[in-house]
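Heads up, the sequence shown is in our numbering, so the first residue is 11 and it goes up one at a time.
All residues carry an ideal CB built from backbone N, CA and C; glycine is no exception.
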Amino acid sequence: MDDSSGAMIKLTSSNYSIWKPQMEDILFCKDLYGRSRNRNSNFKNSQNRSNSRGRSKGRSKSLSRPRGEITCYHCNQPGHMKRDCRILKREQARGKGVENREKDDTTAAATDGDVVIVCDAGFVNLACQESTWVVDSGASFHVTSRVDLFSSYTNGNYGCVRMGNDGASKIVGMGDIHLETNTGCKLVLKDVRHVPNMRLNLISTGKLDDDGYTNYFGEGKWKLSRGSLVVAKGKKESTLYMTNAKHSKGGINVDEKDSSIELCHKRLGHMSEKGLQILSKKQLLPGAKGTLLKTCVHCLAGKTHRVAFHRFPPSRRSKVLDLIHTDVCFMRDKTLGGASYYVTFIDDHSRKVWTYALKTKDQVLHVFKQFHAEVERETGLN
């Protein structure tokens, strides 16, 4: 088996959906290359004839070429010139001249005039990969050709997509798609259109904006965020912003909206339960669940008042040694004897003070016994 046969078997045995657009691009490039070669050859022939006429010594009238030797620069068919080409006139009448067709990129205008997709022909195959999605700021909804990506799907006739080659593809279904982005987050695309003949997977930034996401384009990068969470990232390839995302069967990142009465209580500055019930009766709290509040720790802490200190009239004991006030204090500088603490004993009736120096706190009990014996000897009280 030669190399060409092996290559043909390899192409035909691969996925047809990937092989078909590749062959279309190859044939399109081959057609453009053939046209450019014919134009160059015709230009050289005309230049050689003009040079030969310029070198002729006589002033005889130059001979015109037979009509059979004339080749059209537009359709490459012999027998007529470009200005007389019927194919060119037909294309110009429809507004699709060959010059615009060579300069413009591949274009697909869609569905009821809402979506316009513009992309480079050289990047179509790159964007056709299963995990690649094109981020389109001009699309009014998401589009894909893979029915296996849908987590929920509804069949129906939802219009059609008109391609750049005057072909039209029907939208045969619509549903939701769960994706796992390149940042590891979950992204849910809602109301995605299923177009079997579509070669690109499209993400509409307008639909993402409606769902509460924020799109950022700049410095050849695309970032999708929701609050402080970066949901997806992408980069610019030529004129396209693309991102990689694979199919996911899991849930989404954002929790379901909590419309409980506790959340309304916090949002309204910890409003009272009675005030929330009044707002709920006036239907000013849509979606609020319940009208009874649980115990709010913050309300208890914020509305608690400090209990006042009770003031008692000054009174003293009627007898000596009925009540003794004592305390142990620390001294920054040690005494000459090395004491760092001192203990005081104050009689409540006479206000007499006894002070004893301590080297350590564990000497308090020993000093108290000494004080107790001393005052008993002085007062004669037991």
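So, does the segment 143–159 touch the segment 247–257, judging by three or more C-beta pairs under 8 angstroms? These segments touch.
For the segment 220–282, which segments carrying the alpha helix (DSSP H) assignment without a break, of at least 4 residues, lie completely within its bounds, in sequence order? Here the runs fully enclosed are 271–277.
Leaving out the 5 sequence neighbours to the left and right, which residues in its chain are closer than 7 angstroms to cysteine 95 when beta-carbon positions are compared? Taken in chain order, the residues that qualify are Cys82, His84 and Cys85.
Coarse secondary structure for threonine 389, derived from DSSP in three states: DSSP places threonine 389 in helix when its eight states are reduced to three.
Is it the case that the Cβ atoms of threonine 215 and glycine 185 are separated by a distance below 7 angstroms? Going by C-beta atoms, threonine 215 is not nearer than 7 angstroms to glycine 185.
Measuring CA to CA, which of Val171, Arg156 and Thr370 is closest to isoleucine 181? Comparing alpha carbon positions, the residue from Val171, Arg156 and Thr370 closest to isoleucine 181 is Val171.
Take phenylalanine 381 and list the residues in its own chain whose beta-carbon comes closer than 8 angstroms to its own, dropping the five residues that flank it on each side. Leaving aside the five residues that flank phenylalanine 381 on each side, the residues in its chain whose CB is nearer than 8 angstroms to its CB run, in chain order, Phe355, Trp364 and Tyr366.
State the Cα-Cα distance for the pair valine 317 and aspartate 358, rounded to the nearest angstrom. Going from the Cα of valine 317 to the Cα of aspartate 358 covers about 28 angstroms.
Look up cysteine 339 in the DSSP assignment and give the residues it is bridged to. Looking at the DSSP output, cysteine 339 bridges to Tyr352.
Taking DSSP's pairing of strands, which residues face tyrosine 366 in a bridge? Beta-bridge annotation (DSSP): tyrosine 366 is paired with Val353.
Flag this pair as touching only if the segment 285–305 and the segment 322–334 have three or more C-beta atom pairs under 8 angstroms; answer yes or no. Segments in contact, no.
Sheet register partners of histidine 204 (DSSP bridge): Note: histidine 204 sits in a beta bridge opposite Thr154 and Gly183.
Using DSSP's beta-bridge definition, name the partner residues of glutamine 88. It should be pointed out that residue 88 corresponds to proline in this sequence rather than to glutamine. Note: proline 88 sits in a beta bridge opposite Thr81.
Confirm, please, whether the CB-CB distance from leucine 210 to leucine 197 is below 7 angstroms. No.
Hey, would you say valine 205 sits closer than 7 angstroms to histidine 152, going by beta carbons? Between valine 205 and histidine 152, the gap from beta carbon to beta carbon reaches 7 angstroms or more.
So is threonine 154 buried or exposed if we call it buried at 16+ other beta carbons inside 10 Å? Flag for threonine 154 reads buried.
Closest by C-alpha distance to arginine 361, when choosing among Tyr351, Leu310, Lys329 and Ala383: Comparing Cα positions, the closest option is Lys329.
For the alpha helix (DSSP H) that valine 307 lies in, which residues bound it at each end? Boundaries of the alpha helix (DSSP H) around valine 307: 307–312.
Can you name the start and end residues of the alpha helix (DSSP H) that leucine 98 belongs to? That run of the alpha helix (DSSP H) goes 96–103.
Taking the alpha carbon of leucine 199 as the point to measure from, which residue in Val353, Asp220 and Gly279 has its own alpha carbon closest? Considering only alpha carbons, the answer is Asp220.
Which residue from Thr314, Phe227 and Gly244 puts its Cα closest to that of tryptophan 143? Residue Gly244 is the option with its Cα nearest to tryptophan 143.
Take leucine 218 as the anchor and find which of Met208, Asn207 and Arg236 has the nearest alpha-carbon. Checked all of Met208, Asn207 and Arg236; the closest Cα to leucine 218 is Arg236.
Have a look at leucine 234 and asparagine 225 and give me their C-alpha separation to the nearest angstrom. The alpha-carbon atoms of leucine 234 and asparagine 225 are separated by roughly 5 angstroms.
At the level of alpha carbons, what is the spacing between alanine 231 and tyrosine 223? As written in the sequence, residue 231 is lysine, which differs from the alanine given in the question. The C-alpha of lysine 231 lies about 16 angstroms from the C-alpha of tyrosine 223.
How is the beta strand (DSSP E) around phenylalanine 160 delimited, first residue to last? Going by DSSP, phenylalanine 160 is part of the beta strand (DSSP E) stretching over 160–165.
Rounded to the nearest angstrom, what separates asparagine 167 and serine 179 at their Cα positions? Cα to Cα, asparagine 167 sits roughly 11 angstroms from serine 179.
Where serine 258 and leucine 212 are concerned, what is the direct C-alpha to C-alpha distance, given to the nearest angstrom? When only Cα atoms are considered, serine 258 and leucine 212 end up about 17 angstroms apart.
What number of angstroms, rounded off, separates the C-alpha of isoleucine 36 from the C-alpha of lysine 30? Going from the Cα of isoleucine 36 to the Cα of lysine 30 covers about 10 angstroms.
Closest to lysine 246 by C-alpha separation, out of Glu229, Val240 and Lys369, would be which residue? Of the listed residues, the one whose Cα sits closest to lysine 246 is Glu229.
C-beta contact flag for isoleucine 187 and phenylalanine 160 at 7 angstroms: Yes. Within cutoff.
Close Cβ partners of valine 240 (< 7 angstroms) along its chain, the five nearest in sequence each way excluded: Same-chain partners within the cutoff: Thr193 and Lys233.
Whether leucine 368 touches tyrosine 351 by CB criterion (7 angstroms): Yes, they are a contact pair.
Cβ neighbours of histidine 308 in the same chain (closer than 7 angstroms, five flanking residues each side left out): Cβ within range, chain order: His280.
Rounded C-alpha distance that separates valine 157 from serine 141: Straight-line Cα distance between these residues: approximately 14 angstroms.
Quick one: is alanine 401 buried, meaning 16 or more other Cβ sit within 10 Å of its Cβ, or exposed? A query on residue 401 cannot be resolved here, the shown segment of the chain reaching from 11 to 392 and no further.
Taking the continuous beta strand (DSSP E) assigned at valine 317, which residues delimit it? Per DSSP, valine 317 is not a residue of any beta strand (DSSP E), being assigned neither H nor E.
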